[in-house]
Amino acid sequence: RALILYADQRADKALEMTGLFLLSQFDAPASQGWWWSTLTSGPALTLLAIALGCVALLLLLAVRLRRVTAGQRVACMRKRLADDSGVAMIEFVLVTPVLLFVTLLLLQTSLVFTGLFYVQYSAFAAARSAIVQIPMTSTEPSNYLMPVRGSDKFDAITSAAMIGVLPVSGSENGALVSASEIVAGVHGVYSAQGKSSPAWVDNMLAKRLFYAMNHTEVVLEKVIPGNDSDSVRFEEVTGLTQFSPKEAIGVRVRHEFALTVPLASKVFTLASESGSYTPASRDSESPGPPGQWTLIESRAVLTNEGIDRRLPPAPSVPRY
629 RALILYADQR
639 ADKALEMTGL
649 FLLSQFDAPA
659 SQGWWWSTLT
669 SGPALTLLAI
679 ALGCVALLLL
689 LAVRLRRVTA
699 GQRVACMRKR
709 LADDSGVAMI
719 EFVLVTPVLL
729 FVTLLLLQTS
739 LVFTGLFYVQ
749 YSAFAAARSA
759 IVQIPMTSTE
769 PSNYLMPVRG
779 SDKFDAITSA
789 AMIGVLPVSG
799 SENGALVSAS
809 EIVAGVHGVY
819 SAQGKSSPAW
829 VDNMLAKRLF
839 YAMNHTEVVL
849 EKVIPGNDSD
859 SVRFEEVTGL
869 TQFSPKEAIG
879 VRVRHEFALT
889 VPLASKVFTL
899 ASESGSYTPA
909 SRDSESPGPP
919 GQWTLIESRA
929 VLTNEGIDRR
939 LPPAPSVPRY
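Numbering (the numbering used here), first residue to last: 629 to 948.
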């Protein structure tokens, strides 16, 4: 919650500095908010179906286990009157591994579903930053963007995406970026609320930021109208590109979501584009084992706020 609040504060500050306000979303009737788009997206419905299936299977296994334990009590009451009194224990041993695997699968599914929400929010935060940063004049002229690291505009857009995905990021050691600014910002959020910062701010935030920077891809896209009025296509921005005022700007975020639940992570790595990563070491003698990731991708489209509302300089006319 602190990271999301910090991201919102940074975005609001950028809006105030430029004096621009969000006017509308692209295709507004179909996307009333990033959270609603996430809930109604195909991956979300798939994960929801998996979760419901796991819950149903857990209920069936629970009923079966109850019958098994009831059978054990009956077997004890019969006091060896039947020769198959050990069948109940065998069934219990057979059902327990299945019950454990389904529980782990349900836990990993819920984590991936949470990751889907954060990646969608990350795309929205990056798009919100893009429509504010592109009209500014920095390393590129107003309404121009070069999507490479080192560009002030693109670095700000990428930072917004990284902060958005940070709460569900994995953990890696590295020195790709300096985390001192974001650590100080999160400390400031807790300090403003009169609370002391938890230990993870100093211990884990830098490692999570390194993972987010190393495993997240941010792509700027132009929105091109299709052959009919209801279709569009997205064209990746690869070089210095000019955006028109009020033009729809798309931002696509691809995040390699860390799978941390044993056994169940294999299901997701087999079902989608996936891979492995090396997490941050606990200490120099005892490094953590390699982890798995699965790809989560999301896109957000907002309207460029590229209209220059500044007044021209006043003419130097002699006044009498």
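Cβ atoms here follow ideal geometry from the backbone N, Cα and C, with glycine treated the same way. The structure displayed is predicted, hence computed values, not measured ones.
Alpha-carbon to alpha-carbon, residue j and residue i
i: Tyr870; j: Phe745; result: Reading off the sequence, residue 870 comes out as Gln, not Tyr. Approximately 31 Å, taken between the alpha carbons.
i: Asn842; j: Glu884; result: 9 Å
i: Gln920; j: Glu845; result: 17 Å
i: Thr737; j: Val747; result: 15 Å
i: Gly681; j: Ser797; result: 27 Å
i: Ser757; j: Val730; result: 40 Å
i: Leu848; j: Asn855; result: 22 Å
i: Ala642; j: Leu689; result: At Ala642 the pLDDT is 40, less than 50, meaning the model places this residue with poor confidence; the figure from the coordinates comes in the next sentence. If you take the alpha carbons of Ala642 and Leu689, they lie about 53 Å apart.
i: Ala840; j: Ala684; result: 35 Å
i: Leu868; j: Ile762; result: 12 Å
i: Phe752; j: Val723; result: 44 Å
i: Ala788; j: Asn801; result: 21 Å
i: Pro853; j: Ile877; result: 12 Å
i: Arg882; j: Thr742; result: 15 Å
i: Ile924; j: Ala942; result: 52 Å
i: Leu898; j: Ile678; result: 15 Å
i: Pro915; j: Met832; result: With a pLDDT of only 45 at Pro915, under the threshold of 50, the placement of this residue in the model should not be trusted, and no figure is reported.
i: Asp830; j: Gln821; result: 18 Å
i: Ser819; j: Gly792; result: 21 Å
i: Glu863; j: Ser926; result: 15 Å
i: Leu727; j: Asp783; result: 46 Å
i: Thr931; j: Ser859; result: 17 Å
i: Val895; j: Lys823; result: 41 Å
i: Leu686; j: Leu673; result: 20 Å
i: Ser904; j: Phe838; result: 16 Å
i: Ala812; j: Pro873; result: 35 Å
i: Ser750; j: Leu732; result: 27 Å
i: Asn771; j: Glu875; result: 10 Å
i: Leu773; j: Ile785; result: 11 Å
i: Ala834; j: Ala827; result: 12 Å
Supposed close pair residue i, residue j - CB separation, criterion 8 Å
i: Val953; j: Val851; result: Here the chain has residues from 629 to 948 only, and residue 953 is not among them.
i: Leu794; j: Arg836; result: 6 Å
i: His815; j: Ser808; result: The pair is not a contact, with the Cβ atoms about 10 Å apart (cut-off 8 Å).
i: Val879; j: Pro775; result: Wrong, their Cβ atoms sit about 10 Å apart, outside the cutoff.
i: Leu887; j: Thr922; result: 6 Å
i: Val889; j: Leu676; result: Between Leu676 and Val889 the Cβ distance is about 18 Å, and since that is not below 8 Å, they are no contact.
i: Glu933; j: Val691; result: Not quite, the Cβ-Cβ distance comes to about 57 Å (not below 8 Å), so this is no contact.
Simplified DSSP state of residue i, which is helix, strand or coil
i: Arg756; result: helix
i: Thr724; result: helix
i: Thr897; result: helix
i: Gly919; result: strand
i: Val776; result: coil
i: Ala677; result: helix
i: Ser738; result: helix
i: Leu887; result: strand
i: Ala892; result: helix
i: Thr731; result: helix
i: Ser963; result: Outside the shown range of the chain, which is 629 to 948, sits residue 963, and nothing can be said about it.
i: Ile785; result: helix
i: Val817; result: helix
i: Ala928; result: strand
Proximity test, Cβ basis, 7 Å: residue i and chain C
i: Val851; result: The structure shown contains no chain C; it is built from a single protein chain.
As an exercise, report each continuous beta strand (DSSP E) stretch of at least 3 residues that is fully enclosed by the segment 787-814, in chain order. none
Across the segment 761-768 and the segment 778-785, are there enough close Cβ pairs to call them in contact, namely three or more that are closer than 8 Å? yes
Would you mind listing the beta strand (DSSP E) stretches within the segment 820-883 that are 3+ residues and don't spill past its ends, in chain order? 844-853 and 860-864
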